[in-house]
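Novice: For the sequence shown, the UniProt record's numbering puts the final residue at 387, and the numbers step up evenly by one. Glycine included, every Cβ here is placed at the ideal spot set by N, Cα and C. Input: one structure, supplied below.
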Amino acid sequence: MAAAALEHFLTHTRRIPRSQLSSLFLHHRRYFCSDNSPQPPPIQPVSYAPKPKPADETPPENAPANLSEDTFSVRDLTREDFRYLKDSPMTITPVSYSKRVAPLPEDRVAVEEETVELQTESKTIEANNRAVRRVFRVVEEEKEVPFPTLIKVEKKDGERKVFDLQEAIRQVKANAKRNFDETLEAHVNLGIDRRRSDLGVSGAVVLPHGTGKIVKVAVFADGAAAEEARAAGADIVGADEFIEEIRTSGKINFDKCIATHSMMQRVTKIGRILRGLTPNAKKGTVTNNVAAAVQEAKQGLLDFRMKDAIVHVGLGKVSFPEEALQANVGAFVNALLLAKPAGLKKTSKYAGYVNSFHLCSTMGPGFSISIQSLSKAADQYVKLRPQ
């Protein structure tokens, strides 16, 4: 196969010109010779001039000037840089952009010197401050952030003082300093569950020395009972006409209300208007003996009712003598014991029923009363006025 190719080559070389034969031989010599191929022709680099800037565009202030070709040298370039620059001219045109960020604090120009006037003024102010501190001996304290601490609760000096009834009345009189005759008020805290409606406390009592108030009494009666009420001193006496007048007007102008048994059915029609003044048999305001009821109301009939396990009542004026106020307190305490609910099972009359008893004036401080002195006052009232 090789011999046939050589024969074909030799036969056809006669027809090829000499110049073509030499070039052809050189072309095939690459495949038959192990010598290195000749160097390829050098590549001529092509460069383009930079795009000229418009005439109206001004270069930025901080733009660096164009660097000349002599600025850079081959020694300053790395192999990676030379890879991209070996076939290009050594002229580099840097591009700069305008700043778009705020200058950093260190880039700002610091004021190195202050004016002479400011320095003089600051020295004068500092000298004056030192003189003031020296004259008044002011000690400058360092401002420190206080560390959070727990405030200790101040303990009270023992329990609240409990007074005897007589001493408490004297204290109330001494602390009543208003320009009007204040009322002696009693506030009783009962040991009753307010959620139980069957343990309600209510009642009425005639204070021996009255309440000190002028009471206006109205009586619902007719016939002979109406005449007895007028004779006993009732302020208003009436029957059906009086009931109709209250129903149409919706107003009342009296403090106590008494009714006979025969009139009670008609009085219930105005119960919403009377509210707490509605006659009640337990309070003694529904009776046929209207003369005695009117006299008791005029003398000082006191109605009391528990509200949220507390009873608030007025037991006379502070201007009353001490003995009169003690008698009124004893009468109220006795009525409070009589109104004790049957469902409240306690061994003592006071334990578990009367938790605390306080006396005060209308605008004065309160004083706690001992249970022993209250029991003594109630027993004294029972002895003087046996039931």
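1. What is the DSSP secondary structure of isoleucine 151, reduced to helix, strand or coil?
2. Using a Cβ-Cβ cut-off of 7 Å (strictly less than) and excluding sequence neighbours within five positions of threonine 211, which residues of its own chain qualify?
3. In terms of residue numbering, what span does the beta strand (DSSP E) encompassing glutamate 185 cover?
4. Taking the Cβ atom as the reference point for each residue, do residue 419 and methionine 306 lie within a distance shorter than 9 Å?
5. Taking C-alpha atoms, which residue in Ala292, His261, Gly250 and Thr260 lies nearest to arginine 275?
6. What residue range does the alpha helix (DSSP H) around serine 375 cover?
7. Helix, strand or coil for residue 402, going by three-state DSSP, please let me know.
8. Hey, is the segment 159-179 in contact with the segment 357-376, meaning 3+ C-beta pairs nearer than 8 Å?
9. In this structure, how does DSSP classify glycine 203 when only helix, strand and coil are distinguished?
10. Threshold first: 3 residues or longer. Then list the beta strand (DSSP E) segments lying entirely within the segment 248-325, N to C.
11. So what does glycine 238 bridge to, in DSSP terms?
12. By how many angstroms is the C-alpha of alanine 239 removed from the C-alpha of aspartate 222?
13. Indicate whether phenylalanine 320 and leucine 184 have their beta-carbon atoms separated by less than 9 Å.
14. Let me check understanding here. Comparing Cα to Cα, which of Ala297, Asp193 and Glu182 lies closest to lysine 345?
15. Would alanine 218 and valine 237 be called neighbours here (beta carbons separated by less than 9 Å)?
16. Phenylalanine 242: which of Glu296, Phe254, Phe220 and Ala342 sits nearest, CA to CA?
17. How is the beta strand (DSSP E) around valine 354 delimited, first residue to last?
18. Work out the CA separation of tyrosine 353 and lysine 340 for me, nearest whole Å.
19. If you run the structure through DSSP and keep just helix, strand and coil, what is valine 215?
20. What is the DSSP secondary structure of phenylalanine 332, counted as helix, strand or coil?
21. Nearest to serine 373 by CA position, among Asp164, Tyr48 and Ser262, is which residue?
22. Please state whether the Cβ-Cβ distance between leucine 207 and glycine 343 is less than 9 Å.
23. What's the gap between the Cα of arginine 30 and the Cα of serine 47?
24. Which term fits residue 406, buried or exposed, when burial requires 16 or more other beta carbons within 10 angstroms of its beta carbon?
25. Give every residue of the same chain whose Cβ lies closer than 8 Å to the Cβ of isoleucine 270, excluding the five residues on either side of it in the sequence, and list them in chain order.
26. Alpha carbon to alpha carbon, what distance is there between alanine 226 and residue 413?
27. In the DSSP assignment, what are the bridge partners of glycine 366?
28. Lysine 298 to serine 348, Cα distance in whole Å?
29. Using alpha carbons as the reference points, say which of Ser375, Glu323 and Thr362 lies closest to tyrosine 166.
30. Where does leucine 384 land, buried or exposed, given buried means 16+ other C-beta within 10 angstroms?
31. Mind checking asparagine 334: buried by the 16 CB within 10 Å criterion, or exposed?
32. Count the other C-beta atoms from every protein chain shown that fall within 10 angstroms of the C-beta of phenylalanine 180, then say buried if there are 16 or more, exposed otherwise.
33. Going by C-alpha to C-alpha distance, which of His209, Pro94 and Thr285 sits closest to proline 50?
34. Leaving out five residues before and five after tyrosine 381 in sequence, what residues of the same chain have Cβ atoms less than 6 Å from its Cβ?
35. Ends of the alpha helix (DSSP H) at lysine 173?
36. Where does alanine 351 land, buried or exposed, given buried means 16+ other C-beta within 10 angstroms?
Specialist: According to the structure shown:
1. Look at isoleucine 151 here: in three-state DSSP terms it is coil, with no helix or strand label.
2. Contacts found: Gly300, Leu302, Gly314 and Gly316.
3. 183-190
4. The structure shown has nothing for residue 419, since the chain only spans 1 to 387.
5. Gly250
6. 371-384
7. Residue 402 is absent from the structure shown; the chain starts at 1 and stops at 387.
8. yes
9. strand
10. Whole beta strand (DSSP E) segments, 3+ residues: 256-259, 301-305 and 310-317.
11. Paired residues: Phe220.
12. 6 Å
13. The criterion of a C-beta distance shorter than 9 Å is satisfied by phenylalanine 320 and leucine 184.
14. Asp193
15. yes
16. Phe220
17. Element bounds for valine 354: 354-360.
18. Each residue's alpha carbon lies about 8 Å from the other.
19. coil
20. helix
21. Asp164
22. No, these two residues do not count as a Cβ contact at 9 Å.
23. Confidence at arginine 30 is low in this model, with a pLDDT of 49, below 50, so the placement of that residue is unreliable and no value is reported for it.
24. Residue 406 lies beyond the stretch modelled for the chain, which goes from 1 to 387, so this question has no answer here.
25. Ile243, Ile246 and Arg247
26. Residue 413 cannot be examined here, being either before or after the span of the chain that is shown, 1 to 387.
27. Answer is Cys360, bridged to glycine 366.
28. 35 Å
29. Residue identity differs from the one stated: residue 166 is glutamine in this sequence, not tyrosine. Among Ser375, Glu323 and Thr362, the Cα nearest to that of glutamine 166 belongs to Glu323.
30. Classification of leucine 384: exposed, given that the 10 Å Cβ count is below 16.
31. Buried, by the Cβ-count rule.
32. exposed
33. Pro94
34. Gly330, Ala331 and Asn334
35. For lysine 173, the enclosing alpha helix (DSSP H) starts and ends at 165-175.
36. exposed
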